[in-house]
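Engineer: If you read the sequence shown in our numbering, its first letter stands for residue 146, the second for the next number, and so on.
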Amino acid sequence: MNTQTYQETSHTSAQDLTKVGLVAALYVAVTLILSVISFGAIQLRLSEMFNYLAIFHKRYIVAVTLGVVIVNFMSPMWFLDVPVGGIATLLVLILSRALTKNMKNLKLKMAVTAIIFALSMFTVAGQLHLVFGLPFWMTYLTVGLGELLSMSIGGIMIYIVNKKIDLAK
Numbered sequence: 146m147n148t149q150t151y152q153e154t155s156h157t158s159a160q161d162l163t164k165v166g167l168v169a170a171l172y173v174a175v176t177l178i179l180s181v182i183s184f185g186a187i188q189l190r191l192s193e194m195f196n197y198l199a200i201f202h203k204r205y206i207v208a209v210t211l212g213v214v215i216v217n218f219m220s221p222m223w224f225l226d227v228p229v230g231g232i233a234t235l236l237v238l239i240l241s242r243a244l245t246k247n248m249k250n251l252k253l254k255m256a257v258t259a260i261i262f263a264l265s266m267f268t269v270a271g272q273l274h275l276v277f278g279l280p281f282w283m284t285y286l287t288v289g290l291g292e293l294l295s296m297s298i299g300g301i302m303i304y305i306v307n308k309k310i311d312l313a314k
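#1: On the CB-based measure, 16 or more other CB atoms within 10 Å of its CB, does V299 come out buried or exposed?
#2: Going by other Cβ atoms of all chains shown within 10 Å of its Cβ, with 16 needed for buried, is I187 buried or exposed?
#3: Within the present structure, is the beta-carbon of T234 separated from the nearest heavy atom of the ligand MN by less than 7 angstroms?
#4: Determine, using beta carbons only, whether S265 and V237 come nearer to each other than 8 angstroms.
#5: Less than 8 angstroms between the C-beta atoms of Y172 and F195, yes or no?
#6: Taking DSSP as the reference, what is the three-state secondary structure of D161?
#7: Span of the alpha helix (DSSP H) holding E292?
#8: Taking all protein chains shown into account, decide if A313 is buried (16 or more other Cβ within 10 angstroms of its Cβ) or exposed.
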């Protein structure tokens, strides 16, 4: 391996690592700034908009999962939110990326991703049911609708950002 090839590989890795760290930090910051609406049976976690980044580049699967794990340490249910939320986020990001991989229409990709994430909120409803005895189905409905709303608002924002900045790079 010559020096130039090594430098290009290192530069790319450093850029990827920086992007992962930046997105993870943004996820944490947005969640904490809006913490009053980010946790609980009725939640609007606007930081979920970063889930869309995984359809642009696989590095963001790690970034968003890392952000979720870090911020879930601040959750009232951190002892469940960290492992369950982290694993669920990782799996749903991988699933969303796989299911939308061959879609050409970005709006369709984003709509499918939003629906997948809204449906995945059974994990949050299950945790709230186990810990606080909240009714599962009603909690699933409220958390799922909150996720769908968060993803819809965030989707518009990410769509606009992608018009200005190529998020696939």
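The C-beta atom is built at its ideal place from N, Cα and C for all residues, glycine as well.
Structural biologist: If we stick to the structure as given:
#1: Note that residue 299 corresponds to Gly in the displayed sequence, not to Val. Looking at its Cβ environment, which holds 16 or more other Cβ atoms inside 10 Å, G299 is buried.
#2: By the neighbour-count rule (16 or more Cβ atoms within 10 Å), I187 is not buried but exposed.
#3: Inclusion of the ligand MN in the displayed structure is not the case, the ligand content being empty and no account of it being possible.
#4: yes
#5: The criterion of a C-beta distance shorter than 8 angstroms is satisfied by Y172 and F195.
#6: helix
#7: According to the DSSP assignment, E292 belongs to the alpha helix (DSSP H) that extends over 281–309.
#8: exposed
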